[in-house]
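The structure under discussion appears below in the form of structure tokens.
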Amino acid sequence: MEVGGLVAYAFKTIFGNPDIMAIMLTWTIFITLVLVIYRIYEDLS
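With our numbering as the guide, the letters of the sequence shown map in order to residues 6 to 50.
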């Protein structure tokens, strides 16, 4: 199996699992919100 096939397999394993997708999406939104709120707080103070 070449590297491309290995990467495709890893993506299928990770992103084919709805639970992992939900967890990653939740974390992404959470971290984005935290960073945005921090920047707004920094600009206001």
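By construction, the Cβ of each residue, glycine as well, lies at the ideal position given by its N, Cα and C atoms.
By the criterion of a C-beta distance shorter than 7 Å, PHE20 is surrounded in its chain by MET26, once the five residues flanking it on both sides are discounted.
Between the alpha carbons of ALA13 and TYR43 lies a distance of about 36 Å. Scanning its chain for C-beta atoms nearer than 8 Å, with the 5 sequence neighbours on each side dropped, one finds no residue around THR31.
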